[in-house]
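Shown next, in structure tokens, is the structure this report addresses.
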Amino acid sequence: MRFRDGTRVTEAVRREAGAVARAARAAGAGPGRERDLVVQSLKAAGAALLAWLVADRWLGDPMALMAPWVALVLVQATVYGSLRQAAQQWSAICAGTLLASGAQAVTGDTLGALALSLPALMLLANWPRFGDQGVYAATTAVFTLASGAVSASAVGHRVGQAALGAVIGVAVNALVLPPVHLRDVRENLVALARETGEALDAVAGGLREGEWDAATAARWSQASARLERRREGLRSARGWSRESLRLTSGPLRALHRIPLDVPPESEDGRWGRVTGHVAALTRTLAVAADGDRTPAPPEAAALRTYARLLELLGHTCRAEAERLRGAATDRREKPTELEELRHRLHDSMRDHAARGAAHTAVLGTLLLQAENLWAELLPAAREADRGPR
């Protein structure tokens, strides 16, 4: 048991070391999420150092520690986020300092002041107006009472240094390479399109071989769940991108730091629908693979035809990923084979209908999801199908 635990620890350390090495190589290779994290980390450290120099060396303030502490945590992922949290944190620090000093004046004892102020401050920390900065009210009270500096002068110094740190933190984040998260939107969209194609390829490979069971269907369902997580990542990245442009859009455009060809939000909705159809498709296959369920899998020939249809749709997903990435691709669709496969599957539907509803239900549902994918991935073909009005 000890040997096994040691092996697990070694493997975990090796995986983490590998992840760190890959991140370091990515940061050095070119622009990307890893390099953005390095820049933000260095900016936070620089803001803290600058705040310490201003507060301690230039102003000689006895409460100089407050300035770098506040500046360090206010270099946030967006300029707007830094400004919002600066107001929340400074308000929390003021509340903690004033309440702790007042409690000390009333009780004349550090323990009594803590007992009097901390419960109220922890309740105040849950006030939505403070966001996630409310806990700084209680921590500031602890620092205030532990240092023994609770005079009016000390309160003024502490609040003033908190304000100085907030100004420096926000200024560094806004003026030194302000963070922009539009790249994250593109990366998540490209990954979502590529992984959707991979999921369709995996299903197509299993159906073509004709040997798939509940375990195989479960793996397909897991791949579909990963697509949903990627979609959540895209939704988060889109929110960050919108916030990163608040208050900074004009200057960033003047500096040409905003790529004007960022995929529109309509792409998010389109790929959300695509992943929903893939999820419905894998659920249908999982039901068909369950021997305790009534629906039965289609015959092998129909499954092979369906597999080829999914393979072509997967290829389209990968081509879309290249387009979203900005690569030059030939986007002219050639729906001839897809149309032929659709007609063959419709013919199979009629053959299955003669055998009973159990066989028809699965093939009909699978065909419906393929039609839905067709409509989302091949809009030009869809418009051609409608014909002139």
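Here the working numbering is used: the sequence shown runs in plain steps of one and ends on residue 401.
Note that CB positions come from ideal geometry on N, CA and C, so glycine has one too.
All values derive from a computational prediction rather than experimental measurement.
For the alpha helix (DSSP H) containing residue i, list its first residue and its last residue.
{"i": "VAL179", "result": "164 to 187"}
{"i": "ASP280", "result": "277 to 301"}
{"i": "THR90", "result": "Neither: THR90 is in no alpha helix (DSSP H) and is coded neither H nor E."}
{"i": "GLU332", "result": "312 to 337"}
{"i": "ALA132", "result": "122 to 136"}
{"i": "LEU157", "result": "147 to 159"}
Flag this pair as yes or no: are the beta carbons of residue i and residue j separated by less than 8 Å?
{"i": "GLN173", "j": "ALA98", "result": "no"}
{"i": "ALA127", "j": "LEU136", "result": "no"}
{"i": "LEU130", "j": "ALA107", "result": "no"}
{"i": "ARG198", "j": "LEU49", "result": "no"}
{"i": "VAL7", "j": "SER253", "result": "Residue 7 cannot be examined here, being either before or after the span of the chain that is shown, 13 to 401."}
{"i": "LEU239", "j": "ASN200", "result": "no"}
{"i": "VAL242", "j": "GLU207", "result": "Per the sequence shown, the amino acid found at residue 242 is Arg instead of Val. For ARG242 and GLU207, yes; Cβs fall inside 8 Å."}
{"i": "LEU297", "j": "LEU321", "result": "no"}
{"i": "THR294", "j": "SER233", "result": "yes"}
{"i": "SER113", "j": "THR156", "result": "yes"}
{"i": "ALA314", "j": "LEU353", "result": "no"}
{"i": "GLN381", "j": "ALA292", "result": "yes"}
{"i": "ALA205", "j": "GLU323", "result": "no"}
{"i": "ASP196", "j": "ALA161", "result": "no"}
{"i": "ARG220", "j": "ALA319", "result": "yes"}
{"i": "PRO276", "j": "VAL374", "result": "no"}
Among the residues of its own chain, which have a CB less than 7 Å from the CB of residue i, if the five just before and after it don't count?
{"i": "TRP64", "result": "ALA76, ALA79, PRO80"}
{"i": "ALA312", "result": "GLY222"}
{"i": "GLY376", "result": "MET361"}
{"i": "ASP302", "result": "ALA226"}
{"i": "THR119", "result": "ALA125, LEU128"}
{"i": "GLY30", "result": "none"}
{"i": "LEU385", "result": "VAL286, HIS289, LEU325"}
{"i": "PRO74", "result": "HIS169"}
Within the same chain, show all residues whose beta-carbon is closer than 8 Å to that of residue i, passing over the 5 residues directly before and after it, in chain order.
{"i": "LEU389", "result": "VAL286, LEU325, THR328, CYS329, GLU332"}
{"i": "ASN138", "result": "GLY146"}
{"i": "LYS55", "result": "VAL87, VAL184, ASN185, VAL188, LEU189"}
{"i": "ASP121", "result": "none"}
{"i": "HIS355", "result": "none"}
{"i": "VAL274", "result": "LEU194, VAL197, ARG198, SER253"}
{"i": "ALA57", "result": "LEU84"}
{"i": "ARG96", "result": "GLY143"}
{"i": "ARG343", "result": "Model confidence at ARG343 stands at a pLDDT of 49, short of 50, so the residue's coordinates are unreliable and nothing is read from them."}
{"i": "LEU111", "result": "SER129, ALA132, LEU133, ALA149, ALA153"}
I'd like the list of long-range same chain contacts for residue i, defined as Cβ closer than 6 Å, with 5 residues on each side in sequence excluded.
{"i": "THR22", "result": "none"}
{"i": "ASN185", "result": "VAL87, VAL91, SER94"}
{"i": "GLY1", "result": "Residue numbering for the chain in the displayed model covers 13 to 401; residue 1 lies beyond these limits and cannot be assessed."}
{"i": "THR152", "result": "ILE105, GLY108, THR109"}
{"i": "ALA115", "result": "ALA125, LEU128, SER129"}
{"i": "GLU28", "result": "none"}
{"i": "ALA83", "result": "ALA59, ALA60, ALA63, GLY177, ILE180, GLY181"}
{"i": "VAL167", "result": "THR109, SER113"}
{"i": "TRP283", "result": "LEU204"}
{"i": "ALA24", "result": "none"}
{"i": "LEU123", "result": "none"}
{"i": "SER53", "result": "none"}
{"i": "VAL202", "result": "ALA333, LEU336, ARG337"}
task = Return the chain-ordered ranges of every alpha helix (DSSP H) run that is complete within the segment 40 to 82 and spans a minimum of 4 residues.
result = 45 to 64
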